[in-house]
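Count along the sequence shown from 1, add 46, and you get the number used in our numbering.
Notes follow once the structure below has been shown.
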Amino acid sequence: MRSGSISQAARTVGRTQPAVSTMISTLEDELGLTLFVREHGKLTSTPEARYFLEECEEILGRLEQTQRTLTRIRTLEAGKLKIACHPAASGFFLPTLLTDFLQGKDDLEVALIMRSSDLIEDLIASQQYDVGFAETPQPRASINQTDYDLDCVCIVPASDTLASAKVITPSDLNGKPMAVLFEDHPTAVQTEEAFRSEGCRFVKRLELRTFLPGLQFVAAGVCYMVCDMITAYSYLLQGQANPNLVIRRFLPRVSNSVSIMTPAYATRSLAADAFVTQLAGGIEDMKLRMQRVAGAAHDQWS
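Given below as structure tokens:
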């Protein structure tokens, strides 16, 4: 009825003319109605056919719209993506990556929340979120995870004599005031153990929930800090690097392990799959830049 003839309809749908005639006959048999009558050698639509087409137009329009939407989802221009991120990466690191990822994807709907690492683990395991980025959990069957064991770095005031050192050790910080995370956090435990193993006195002046506020304390000369790589890198990403701070490598190695997590029992969407790739690349880029900033040789940096 749209093309005006059987032959044109056949060309439109990529079928032979007899095949289209057969399909029309089959449809008429199924409906129990005559849709076309032949008048003066031409097929003319009946009132029933015109009513039937009117009813089908909405369905056909929805089908075409759905096809267009699926095409946009395939090209990552549309869809939904839910991301959960731990505090250290939620301020600058992950939003910077996500900003780049969203370029040209105007109809891709994203939900981004900041939660503690243990809560993110549950959100991913229960399939409430598509991608989680948090401190590494214990492996579990309901989560697919890729782990990254990252070096912590030392943050010192730029005016301090330690700012000229390429590597800072516990002996350099012996008896000096330190800022660390809460006492059972792995980085706090490792930092104290590093001092203890070298016979150095560890002075905890500030206990924090995250390392981010510690940057201000170090800049003010209140303390020194061995912090996670992501916090230090986020400080650089702000583009307003405080001239009162410098980042240096710390030995013996203190590590902070983070993971990209996705639900194990759910099929990952194309958008989630692409963002996981973007996030993994961002982590590698961060490691390379921090090597340069902290003056570490590539073969010595994890």
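For each residue, glycine too, the CB sits at the ideal point set by N, CA and C.
What you are looking at is a predicted structure, and each value in this text was computed from that prediction instead of being measured.
Less than 8 Å separating the beta-carbons of residue i and residue j?
{"i": "residue 198", "j": "residue 268", "result": "no"}
{"i": "residue 202", "j": "residue 311", "result": "no"}
{"i": "residue 177", "j": "residue 90", "result": "no"}
{"i": "residue 157", "j": "residue 129", "result": "yes"}
{"i": "residue 150", "j": "residue 258", "result": "no"}
{"i": "residue 79", "j": "residue 70", "result": "no"}
{"i": "residue 324", "j": "residue 147", "result": "yes"}
{"i": "residue 254", "j": "residue 297", "result": "no"}
{"i": "residue 127", "j": "residue 318", "result": "yes"}
{"i": "residue 233", "j": "residue 274", "result": "yes"}
{"i": "residue 230", "j": "residue 303", "result": "no"}
{"i": "residue 272", "j": "residue 313", "result": "no"}
{"i": "residue 72", "j": "residue 83", "result": "no"}
{"i": "residue 49", "j": "residue 58", "result": "yes"}
The alpha helix (DSSP H) that contains residue i, what's its start and end?
{"i": "residue 252", "result": "Looking at the DSSP string, residue 252 is not in any alpha helix (DSSP H); the run it does join, the beta strand (DSSP E), is 249–254."}
{"i": "residue 25", "result": "What is shown of the chain runs 47 to 348, which leaves residue 25 out entirely."}
{"i": "residue 298", "result": "Residue 298 -> no alpha helix (DSSP H), and no H or E assigned at all."}
{"i": "residue 47", "result": "Neither: residue 47 is in no alpha helix (DSSP H) and is coded neither H nor E."}
{"i": "residue 238", "result": "232–243"}
{"i": "residue 71", "result": "63–77"}
{"i": "residue 317", "result": "316–340"}
{"i": "residue 210", "result": "No alpha helix (DSSP H) contains residue 210, which DSSP labels as neither H nor E."}
{"i": "residue 82", "result": "First-last for residue 82: 82–85, but that is the beta strand (DSSP E), not the alpha helix (DSSP H)."}
{"i": "residue 258", "result": "258–265"}
With 16 other CB atoms within 10 Å as the buried threshold, where does residue i fall?
{"i": "residue 244", "result": "exposed"}
{"i": "residue 53", "result": "exposed"}
{"i": "residue 109", "result": "exposed"}
{"i": "residue 247", "result": "exposed"}
{"i": "residue 97", "result": "exposed"}
{"i": "residue 125", "result": "buried"}
{"i": "residue 191", "result": "buried"}
{"i": "residue 336", "result": "buried"}
{"i": "residue 47", "result": "exposed"}
{"i": "residue 181", "result": "buried"}
{"i": "residue 329", "result": "buried"}
{"i": "residue 295", "result": "buried"}
{"i": "residue 261", "result": "buried"}
{"i": "residue 322", "result": "buried"}
{"i": "residue 143", "result": "buried"}
{"i": "residue 240", "result": "buried"}
{"i": "residue 159", "result": "exposed"}
What is the C-beta distance between residue i and residue j, in whole angstroms, given that I count them as a contact (C-beta under 8 Å)?
{"i": "residue 55", "j": "residue 62", "result": "Rounded, the Cβ-Cβ distance is 11 Å, inconsistent with contact."}
{"i": "residue 139", "j": "residue 306", "result": "The pair is not a contact, with the Cβ atoms about 13 Å apart (cut-off 8 Å)."}
{"i": "residue 292", "j": "residue 225", "result": "Going by Cβ atoms, the distance from residue 292 to residue 225 rounds to 16 Å, so no, they are not a contact pair."}
{"i": "residue 222", "j": "residue 249", "result": "6 Å"}
If you follow the beta strand (DSSP E) that residue i is in, where does it begin and where does it stop?
{"i": "residue 196", "result": "189–197"}
{"i": "residue 153", "result": "153–160"}
{"i": "residue 181", "result": "177–181"}
{"i": "residue 272", "result": "270–273"}
{"i": "residue 225", "result": "223–227"}
{"i": "residue 91", "result": "88–91"}
State yes or no: is the beta carbon of residue i nearer than 8 Å to at least one beta carbon in chain D?
{"i": "residue 152", "result": "As a matter of chain content, chain D is missing from the structure shown, which is built from one protein chain."}
| query | Is the region 330–340 close to the region 268–278, with three or more CB pairs under 8 Å? | reply | Contact between the region 330–340 and the region 268–278 is established, with three or more Cβ pairs separated by less than 8 Å.
| Touching or not, the region 84–104 and the region 133–144, by the rule of three or more beta carbon pairs under 8 Å? | With a cut-off of 8 Å, the region 133–144 and the region 84–104 do not count as touching, because too few Cβ pairs lie within range.
| request: Tell me, please, whether the region 210–229 touches the region 160–174 by the rule of three or more beta-carbon pairs shorter than 8 Å. | output: No contact exists between the region 210–229 and the region 160–174.
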